[in-house]
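In what follows, a structure is listed as structure tokens, so that the remarks can point back to it.
Numbering (our numbering), first residue to last: 29 to 409.
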């Protein structure tokens, strides 16, 4: 049956030009079919055609009439809910979509459509249960992804990791399954395991930039990684930078990962290369606070206090709530014997730090937005 594209997910396809309809009288009517059955079939097909043509008002008017005349029709009831959803009237869509689930409880797509509307209305717990039922009825890649992603949205990382672990076994070539598992491991603070998982995801779909940034953040937060993992991360981030040379975050994260890898391997850090990469990122996006923060940290490490102050102030101007930038600026002021200014920045840092988590201070890690982007179906290679 049909489905609707929302901010959460696009689940399945509605109908082709010809559909098999479950309600008696809507399928291919035999010559002996009664006039009401023929009328219902023709009117439904007209509404269906209007739905596909995005003539939602016309489809809604016909379906509302049909729903009153044929209240037991699953197809009419579900399509009416989908028309409401297509018009953004999700609260109005809940009743017919819930009724459709009652009429056909073994339909995975019915549960998914109802879950989607529930999620759009902010009823995340109920949505999660409907996504779960859909995945039990039909453990497709799409349904497992929707269920696992919804669990992550509600910060239920352990069950989400179980769903995505199952997904990687059932669909080992699905980048989304590996990305979902990587995010779940990340949310459980298992950063080293997340790195290994996200390395696999980036290799499955190397042209998709989304998993790389999560891979970089997991690597940067991991206290330690398995031997050789750091070099693999550098190689993947270098590949991303070549694929997307004008993406400021691609350049930024390559610089940061390179910096960490050099330190951990005891190599002499090539700060000029790192500085050049960070400056290039800043040129590509002057409004990105993270790049100015790390340029400031680099200047601080070399005792270039004037440049550090100027750069860290710019980061703070772009994002006044970036606690770590205030802390770094306070340190530079101490080195510059500016006690009053240092005290002021330390106080600001303490205030902001009490309101944020370590992940919040990592500029660029936004799990919710990443999950939303991950819910769009993958294009097939």
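Think of the CB as a built atom: it goes at the ideal place given N, C-alpha and C, for glycine as much as any other residue. Being a predicted model, the structure only gives us computed values, none of them experimental.
Extent of the continuous alpha helix (DSSP H) run through residue i
{"i": "residue 105", "result": "102-114"}
{"i": "residue 128", "result": "118-131"}
{"i": "residue 253", "result": "Where residue 253 is concerned, there is no enclosing alpha helix (DSSP H), given that its DSSP letter is neither H nor E."}
{"i": "residue 169", "result": "169-181"}
{"i": "residue 194", "result": "185-198"}
{"i": "residue 338", "result": "333-346"}
{"i": "residue 307", "result": "299-312"}
{"i": "residue 324", "result": "317-329"}
{"i": "residue 17", "result": "Given a span of 29 to 409 for the chain in the structure shown, any question on residue 17 remains unanswerable."}
{"i": "residue 89", "result": "84-97"}
{"i": "residue 357", "result": "351-363"}
{"i": "residue 285", "result": "276-292"}
{"i": "residue 231", "result": "219-232"}
{"i": "residue 237", "result": "Counting along the chain, residue 237 falls outside any alpha helix (DSSP H), and DSSP gives it neither H nor E."}
{"i": "residue 28", "result": "Nothing can be reported for residue 28, as the shown portion of the chain is limited to 29 through 409."}
{"i": "residue 201", "result": "No alpha helix (DSSP H) contains residue 201, which DSSP labels as neither H nor E."}
{"i": "residue 139", "result": "136-148"}
Buried or exposed by the 16-neighbour rule on C-beta atoms within 10 Å, applied to residue i
{"i": "residue 354", "result": "buried"}
{"i": "residue 70", "result": "exposed"}
{"i": "residue 164", "result": "exposed"}
{"i": "residue 78", "result": "buried"}
{"i": "residue 235", "result": "exposed"}
{"i": "residue 245", "result": "buried"}
{"i": "residue 88", "result": "buried"}
{"i": "residue 44", "result": "With a pLDDT of only 28 at residue 44, under the threshold of 50, the placement of this residue in the model should not be trusted, and no figure is reported."}
{"i": "residue 158", "result": "buried"}
{"i": "residue 195", "result": "buried"}
{"i": "residue 263", "result": "exposed"}
{"i": "residue 141", "result": "buried"}
{"i": "residue 309", "result": "buried"}
{"i": "residue 58", "result": "Note on residue 58: pLDDT 41, under 50, position unreliable in the model; the coordinate value appears next. So residue 58 ends up on the exposed side."}
{"i": "residue 189", "result": "buried"}
{"i": "residue 130", "result": "exposed"}
{"i": "residue 376", "result": "buried"}
{"i": "residue 315", "result": "exposed"}
{"i": "residue 223", "result": "buried"}
{"i": "residue 256", "result": "exposed"}
{"i": "residue 348", "result": "exposed"}
{"i": "residue 319", "result": "buried"}
{"i": "residue 81", "result": "exposed"}
{"i": "residue 113", "result": "buried"}
For residue i, the nearest candidate out of the options (CA to CA)
{"i": "residue 103", "options": "340, 197, 325, 72", "result": "72"}
{"i": "residue 76", "options": "108, 328, 305, 189", "result": "108"}
{"i": "residue 303", "options": "278, 318, 323", "result": "323"}
{"i": "residue 260", "options": "243, 117, 299", "result": "243"}
{"i": "residue 184", "options": "156, 112, 79", "result": "156"}
{"i": "residue 170", "options": "187, 144, 152", "result": "144"}
{"i": "residue 68", "options": "97, 131, 319, 332", "result": "97"}
{"i": "residue 172", "options": "255, 150, 137", "result": "137"}
{"i": "residue 105", "options": "112, 114, 95", "result": "95"}
{"i": "residue 271", "options": "240, 121, 299, 381", "result": "240"}
{"i": "residue 152", "options": "224, 182, 273", "result": "182"}
{"i": "residue 365", "options": "337, 350, 348", "result": "337"}
{"i": "residue 339", "options": "317, 368, 292", "result": "317"}
{"i": "residue 253", "options": "289, 275, 277", "result": "289"}
{"i": "residue 213", "options": "186, 237, 267, 258", "result": "186"}
{"i": "residue 277", "options": "232, 312, 135, 115", "result": "312"}
{"i": "residue 231", "options": "348, 376, 268", "result": "268"}
{"i": "residue 162", "options": "180, 191, 150", "result": "191"}
{"i": "residue 132", "options": "121, 101, 299", "result": "101"}
{"i": "residue 99", "options": "122, 127, 325", "result": "127"}
Spatial neighbours of residue i in its chain, beta-carbon cut-off 7 Å, leaving aside the 5 residues before and after
{"i": "residue 305", "result": "279, 282, 283"}
{"i": "residue 359", "result": "328"}
{"i": "residue 292", "result": "258"}
{"i": "residue 381", "result": "351"}
{"i": "residue 91", "result": "75, 104, 107, 108, 111"}
{"i": "residue 237", "result": "268, 272, 275, 278"}
{"i": "residue 86", "result": "78"}
{"i": "residue 266", "result": "282"}
{"i": "residue 115", "result": "84"}
{"i": "residue 168", "result": "none"}
Same chain, Cβ closer than 8 Å to residue i, five either side skipped, listed in chain order
{"i": "residue 160", "result": "175"}
{"i": "residue 361", "result": "337, 367, 369, 370, 373"}
{"i": "residue 333", "result": "327, 360, 363, 364"}
{"i": "residue 193", "result": "209"}
{"i": "residue 227", "result": "243, 257, 260, 261, 264"}
{"i": "residue 221", "result": "213"}
Own chain residues within Cβ distance below 6 Å of residue i, not counting five before or after
{"i": "residue 287", "result": "302"}
{"i": "residue 233", "result": "203"}
{"i": "residue 219", "result": "246, 249, 250"}
{"i": "residue 215", "result": "185"}
Residue-chain proximity (residue i, chain C), Cβ-Cβ < 8 Å
{"i": "residue 235", "result": "This model lacks chain C altogether, as it is built from one protein chain only."}
Closer than 7 Å: residue i CB and nearest the ligand HEM heavy atom
{"i": "residue 106", "result": "In terms of ligand content, the structure shown is empty, and the ligand HEM therefore cannot be addressed."}
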